[in-house]
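Notes for the one structure printed next.
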Amino acid sequence: MEKTGIVLEGGGIRGAYTAGTLDWLMDHGVTFDYGVGISSGAFMLCLFMEGRKDTMKRAVLDYIIKPDIVGPRALLREGYWVGYKKLFYGYMRNLEQFSVKPLKEAHANIEIGAYDLDMGETVWFKPEDMDDEMEVLRGACSLPVVTETVDINGRHLLDGGITKMIPIERSIEQGVTRHLVITTKPADYVRKPGPPIVQEIMKRVYKQYPQVAADYKVRHINYYNQMGIIEDLVNKGEAVLIRPSKTVHVSRWKGDAQQVKELYELGISDMEARKDEIFALLKKD
Numbered sequence: 006m007e008k009t010g011i012v013l014e015g016g017g018i019r020g021a022y023t024a025g026t027l028d029w030l031m032d033h034g035v036t037f038d039y040g041v042g043i044s045s046g047a048f049m050l051c052l053f054m055e056g057r058k059d060t061m062k063r064a065v066l067d068y069i070i071k072p073d074i075v076g077p078r079a080l081l082r083e084g085y086w087v088g089y090k091k092l093f094y095g096y097m098r099n100l101e102q103f104s105v106k107p108l109k110e111a112h113a114n115i116e117i118g119a120y121d122l123d124m125g126e127t128v129w130f131k132p133e134d135m136d137d138e139m140e141v142l143r144g145a146c147s148l149p150v151v152t153e154t155v156d157i158n159g160r161h162l163l164d165g166g167i168t169k170m171i172p173i174e175r176s177i178e179q180g181v182t183r184h185l186v187i188t189t190k191p192a193d194y195v196r197k198p199g200p201p202i203v204q205e206i207m208k209r210v211y212k213q214y215p216q217v218a219a220d221y222k223v224r225h226i227n228y229y230n231q232m233g234i235i236e237d238l239v240n241k242g243e244a245v246l247i248r249p250s251k252t253v254h255v256s257r258w259k260g261d262a263q264q265v266k267e268l269y270e271l272g273i274s275d276m277e278a279r280k281d282e283i284f285a286l287l288k289k290d
């Protein structure tokens, strides 16, 4: 039996590209049997499944580039360079009235990945596993060192991208036969080993959890393994890989409003340029 799925990579501010692709999918009424997301991709997946197009657009074009989210202001207020409490509670919950409750009520067939420090591996949460305060979702987006580790019910959560940058393996495990994969990096992107100084910082910051530093050290290897699986699926006609068709100078946490808007619009235009492939994969007329 055929089963369609959408697979979303993270990328911080580069998630604006993902938001653009999801904007296009919503405009064309495209749905999936299953979805899985990592980091900002987990956040975007929840918004997509709730049909929160305008909220998603404001999140990437306005909120996430505000100085109280990334930079010295966030550091002073939250003690970390990236202030996800302000993003999730100040903007998303209080201003946008965003909640995961609709996903739980609809029994949405999606999963988000978070790295469990105590277990030393990425674990998966369905909507029914998520708390109404969105601590699980915040934890799934929390990058090591620059954001706060989220403690929920004794579990210490960080960004699932520590091991599962593009969660294609999870999509396969869930029985998906046709995968639409959205990544935030262009074809010429080269993932290098983490700098030794960052590896040392990881060891010191998370000295109680040695596995996370070990996993970070081989992150580049895991990335290429995951990309290799995707490329094999593409060659077999079982996946379509969407990624930026050109370089836009937006990094994980740096990009001005115009650059981020350009990246968002690139997501839309890249989807439109490849709509025949997408519809053929999903068998949509």
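Using our numbering, the first residue of the sequence shown is number 6, and each one after it goes up by one. Built from N, CA and C at the ideal position, the CB exists for glycine as well.
query                                                                                                                             : result
Short Cβ contact (8 Å threshold) for residue 41 with residue 172                                                                  : yes
Minimum C-alpha distance to residue 129 - residue among 165, 54, 97 and 157                                                       : 165
Environment of residue 190 [buried if 16+ CB atoms lie within 10 Å]                                                               : buried
Neighbourhood of residue 27 by C-beta, 7 Å cutoff - its chain only, sequence neighbours within 5 removed                          : 49, 53 and 61
Closer than 7 Å: residue 89 CB and nearest the ligand FMN heavy atom                                                              : The ligand FMN is not part of the structure shown, which contains no ligands of any sort.
8 Å contact criterion, which residue 186 and residue 235 should meet: CB distance rounded                                         : 5 Å
Proximity below 8 Å, CB of residue 217 to CB of residue 149                                                                       : yes
Contacting residues, own chain, Cβ-Cβ under 8 Å from residue 115 (five flanking each side not counted)                            : 39, 40, 41, 42, 50, 51, 54, 108, 131 and 132
Helix, strand or coil at residue 126 [DSSP, three-state]                                                                          : strand
Unbroken beta strand (DSSP E) run spanning residue 183, endpoints                                                                 : 183-187
Under 8 Å between C-beta atoms of residue 119 and residue 163                                                                     : yes
Of the listed residues 261, 277 and 285, nearest to residue 18 (C-alpha basis)                                                    : 261
Chain-order list of residues whose beta-carbon lies under 7 Å from that of residue 160 (same chain, five-residue window excluded) : 121 and 123
Cβ-Cβ separation, residue 46 to residue 88 (assumed contact under 8 Å), whole Å                                                   : The pair is not a contact, with the Cβ atoms about 20 Å apart (cut-off 8 Å).
Exposed unless 16 or more other CB atoms sit within 10 angstroms - verdict on residue 231                                         : buried
Delimiting residues of the beta strand (DSSP E) encompassing residue 192                                                          : Element bounds for residue 192: n/a, residue is neither H nor E.
Length of the line joining the Cα atoms of residue 281 and residue 178                                                            : 27 Å
DSSP beta-bridge partners of residue 244                                                                                          : 184
Reduced DSSP secondary structure (H/G/I, E/B, other) of residue 267                                                               : helix
Coarse secondary structure for residue 119, derived from DSSP in three states                                                     : strand
Residue 269 classed as buried or exposed, judged by whether at least 16 other C-beta atoms fall within 10 angstroms               : buried
Of the residues 208, 228 and 44, the one placed nearest residue 311, counting alpha carbons only                                  : Because the chain in this structure spans residues 6 to 290, residue 311 falls outside the shown range and cannot be described.
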